[in-house]
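K.L.:
Submitted below is the structure of interest, expressed as structure tokens.
Numbering (this note's numbering), first residue to last: 29 to 194.
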């Protein structure tokens with residue numbers, strides 16, 4: 029039985045990715061319709077970026093990357109006033125002390141720096157409301173922009189549909 033490459037008269041140019049790329053091409057050959065019929069290896073490789081064959085990350089089912097370091101460093105510090113002294117840090121559940129300096133997230137939730145900084149070094153969102161901070165991960169930021177565009181498009185469609193029947 030001839031290999032996929034022999035059948036389609038093509039070669040891989042990058043040895044580094046040969047194994048993963050070969051497996052994906054064999055999958056395309058073994059499962060008809062998955063990639064569509066009539067794809068040669070050049071057009072398939074143009075369609076597949078897969079972030080250099082590290083495979084695509086499904087950000088909807090994976091923990092987001094850490095918040096951007098510059099953003100975290102520039103989060104506002106707030107001094108707790110006497111009227112706020114009864115508030116608690118949502119992470120450690122200890123009450124804030126009067127005149128204590130805490131970190132305020134863009135969503136206005138307050139945290140001890142020892143509580144929120146380790147969290148933001150692992151993920152980019154507020155532990156309470158999931159408000160997301162920017163990240164240094166370009167792929168994730170593109171995913172966020174795509175998701176926002178889709179939500180905006182869905183909102184426009186819903187409004188358009190509702191406007192048609194008023």
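No residue lacks a Cβ here, since even glycine has one placed at the ideal position from N, Cα and C.
Per the DSSP calculation, residue 105 is bridged to which residue(s)?
P.N.:
To locate residue 105, count along the chain shown from 1; it is residue 77. Bridge partners of residue 105: 131.
K.L.:
If you follow the alpha helix (DSSP H) that residue 141 is in, where does it begin and where does it stop?
P.N.:
Within the chain shown, the letter at position 113 stands for residue 141. Run containing residue 141: 141-148, per the alpha helix (DSSP H) assignment.
K.L.:
With 16 other CB atoms within 10 Å as the buried threshold, where does residue 95 fall?
P.N.:
By one-based count along the chain shown, residue 95 stands at place 67. Counting Cβ neighbours within 10 Å, residue 95 comes out buried, since at least 16 surround it.
K.L.:
Can you tell me which residues form a DSSP beta bridge with residue 126?
P.N.:
Locating residue 126 in the chain shown gives position 98, where the first residue counts as 1. None, per the DSSP bridge assignment.
K.L.:
Would you call the CB atoms of residue 126 and residue 141 closer than 9 Å?
P.N.:
Here residue 126 refers to the residue found at position 98 when the chain shown is read from its first residue. Here residue 141 refers to the residue found at position 113 when the chain shown is read from its first residue. Their beta carbons are not under 9 Å apart, which means residue 126 does not touch residue 141 by this criterion.
K.L.:
Helix, strand or coil for residue 167? Go by DSSP, reduced to three states.
P.N.:
Taking the first residue of the chain shown as 1, we reach residue 167 at position 139. Residue state, collapsed to three classes: helix.
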